[in-house]
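Numbered by this note's numbering, the letters in the sequence shown go through residues 80 to 460 in order. Cβ atoms here follow ideal geometry from the backbone N, Cα and C, with glycine treated the same way.
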Amino acid sequence: MNDNDNRNIRDDGDAVNELTPIIDYEDLSHVVLSPEEQAYEAMIRQRIRERRRAAERKRIKRNRTVALILVMVIVLIVCRSCYASHRKKRDEKKANTEVSAVEKNTSSKKEETDSGAEVPAKTAESKPEEPAHKIREVDGLTFVDDILIVNKTYSVPDDYAPGINSAAQAAFDEMMNDALNDGVYLYVNSGYRSYDEQYNLYYNYAYDRGVAEADKYSSRPGHSEHQAGLCFDVNSTENSFAGTTEAKWLAAHCSDYGFIIRFPKGKEKYTGYEYEPWHIRFVGIELAKELTSKNLCLEEYLGLTSDYTLAKEPVSQEKMAEQLGVTVGDPNEVDETAETDSGSYDNGGYYDNGGNYDNGGNYDNGGYYDNGGYYDNGYGY
Ligand SMILES: [Zn+2]
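Structural data, given as structure tokens:
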């Protein structure tokens, strides 16, 4: 047994010896994975992991960017459709307003009156579909793109008496000072006028020359920008003012202060009035510059009419003459025609209309209109 055991051990020993190469091989492989090599392998594995992570991060980043763009596109589409429906509603509202609606909002009225300058920005934003101008009626006042409109079509209530607009007055004062520095003397001939003052002024012209002639240069009561306190007649209201140094300076510079020559030469068919180089209207600097540079009058720019027969309560010249007790045509011309036709100089009946001239003391407005130190002879158009 012992022998056997020994043999067995020897055999085992032999067996071990025989297997040595295998053990060597294993040892060799163990040697290959030396600490440096293990470290190297670990480094490689680390790099691979890092690359995978980097690729993953890149993929996430790309997906995020795509998602962001997608969200932006969706937002843009939603905004566009919102804006389109908003425009549609606005246009519908505008149509309603034009027909009848009268909003009761006194506070917004005051705001709108003072903020003529803000308008062009809004208009520029919606340039592609520009023709649609927003018309609103607030307490009998008509605002188009937030600009108060007073002309032959659009009137202001009889009792509307805001006085001169403070922004317009400040702008005029600044302009007057700058003109003086250029050696040009500008002054207010006529600024704010009440309904009654305009009534008397218009009546006087209509009485002297007839309604048809008066309508060419004088506003009927309730239809004057002077009642809105947004305009000035500068220096002389005689046609001789045209071409003077003062008129030229005014035309060249008034837009820098927010004013426009309201009734420009050649725009009579739009404004409804003959050329008035002295009548400036405050609309804010931005709009004033745009209108002046484009050579557009307010009616052209806003697509509006200026015609008494298109007013909410149209009044023909015949009806106006009847209301005032004056003639439509030139009263003197009527006389001359009668004279020629009859071959006599007897025009007594026509010429003497003294009774009509007396309108109960209204004509006397105290001689001069005091607007705080400015020379104002109470005349103007
Ligand atoms: Zn005027």
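* Asked: Alpha carbon to alpha carbon, what distance is there between Leu-149 and Glu-120?
  -> Position 41 of the sequence shown, counting from 1, holds the residue named residue 120. Position 70 of the sequence shown, counting from 1, holds the residue named residue 149. Cα to Cα, the separation comes out at about 43 Å.
Option in Ala-133, Val-229, Ser-113 and Arg-124 with minimal Cα separation from Leu-381 = Stepping through the sequence shown from its first residue, residue 381 is reached at position 302. Considering only alpha carbons, the answer is Val-229.
Contact belief for Tyr-278 with Pro-300 at Cβ below 8 Å, rounded distance in angstroms: Your numbering for residue 278 matches position 199 in the sequence shown. Your numbering for residue 300 matches position 221 in the sequence shown. Right, the Cβ-Cβ distance comes to about 4 Å (below 8 Å), so this counts as a contact.
Review point. Roughly how far, in whole angstroms, is the beta-carbon of Glu-347 from the beta-carbon of Glu-353, given that I think they are within contact range, below 8 Å?
Key: The residue labelled residue 347 in the question sits at position 268 within the sequence shown. The residue labelled residue 353 in the question sits at position 274 within the sequence shown. Their Cβ separation, rounded to whole angstroms, is 6 Å, which keeps Glu-347 and Glu-353 in contact under 8 Å.
### Message
Tell me whether the region 364–380 and the region 398–408 touch, counting them as touching only if at least three CB pairs, one residue from each stretch, are closer than 8 Å.
### Response
no
- Task: Measure from the alpha carbon of Tyr-387 to the alpha carbon of each residue in Arg-126, Val-290 and Ser-164, then state which is nearest.
- Result: For the purposes of this step, residue 387 is taken as residue 308 along the sequence shown, with counting starting at 1. Answer by Cα proximity: Val-290.
Check whether the Cβ of Cys-333 lies closer than 7 Å to any heavy atom of ligand 1, and answer yes or no. In the sequence shown, counting from the first residue as 1, residue 333 sits at position 254. No - ligand 1 has no heavy atom lying nearer than 7 Å to the Cβ of Cys-333.
Let me make sure I understand the geometry here. Which of Ile-153, Val-152 and Tyr-233 has the alpha-carbon closest to that of Leu-383? Position 304 of the sequence shown, counted from the start, is the residue given in the question as residue 383. It is Tyr-233.
C-alpha gap between Glu-115 and Ile-127, whole angstroms: If you number the sequence shown from 1, residue 115 lands on position 36. If you number the sequence shown from 1, residue 127 lands on position 48. The alpha-carbon atoms of Glu-115 and Ile-127 are separated by roughly 18 Å.
Check whether Ser-385 and Gly-351 have beta carbons under 8 Å apart:
To locate residue 385, count along the sequence shown from 1; it is residue 306. To locate residue 351, count along the sequence shown from 1; it is residue 272. Contact flag set, yes.
*Thinking just about the alpha-carbon of each residue, which of Phe-338, Ala-293 and Asp-275 is nearest to the one in Met-255?*
What you label residue 255 is simply residue 176 of the sequence shown in a count that begins at 1. Comparing Cα-Cα distances from Met-255 to each of Phe-338, Ala-293 and Asp-275, the minimum goes to Phe-338.
By alpha-carbon positions, which one of Ala-240, Leu-265 and Leu-220 ends up nearest to Asp-252?
Counting from 1 along the sequence shown, the entry for residue 252 is found at position 173. Selected option, being the one with the closest Cα: Leu-265.
Span of the alpha helix (DSSP H) around Ile-364: Here the question's residue 364 lines up with position 285 in the sequence shown. Segment 364–373, the alpha helix (DSSP H) holding Ile-364.
Notebook entry, point to check: How many angstroms separate the CA atom of Gln-125 from the CA atom of Leu-147?
Noted result: Taking the first residue of the sequence shown as position 1, residue 125 is located at position 46. Taking the first residue of the sequence shown as position 1, residue 147 is located at position 68. Going from the Cα of Gln-125 to the Cα of Leu-147 covers about 32 Å.
Any chance the CB of Cys-376 is under 7 Å from a heavy atom of ligand 1?
For the purposes of this step, residue 376 is taken as the residue at position 297 of the sequence shown. No, ligand 1 has no heavy atom inside 7 Å of this Cβ.
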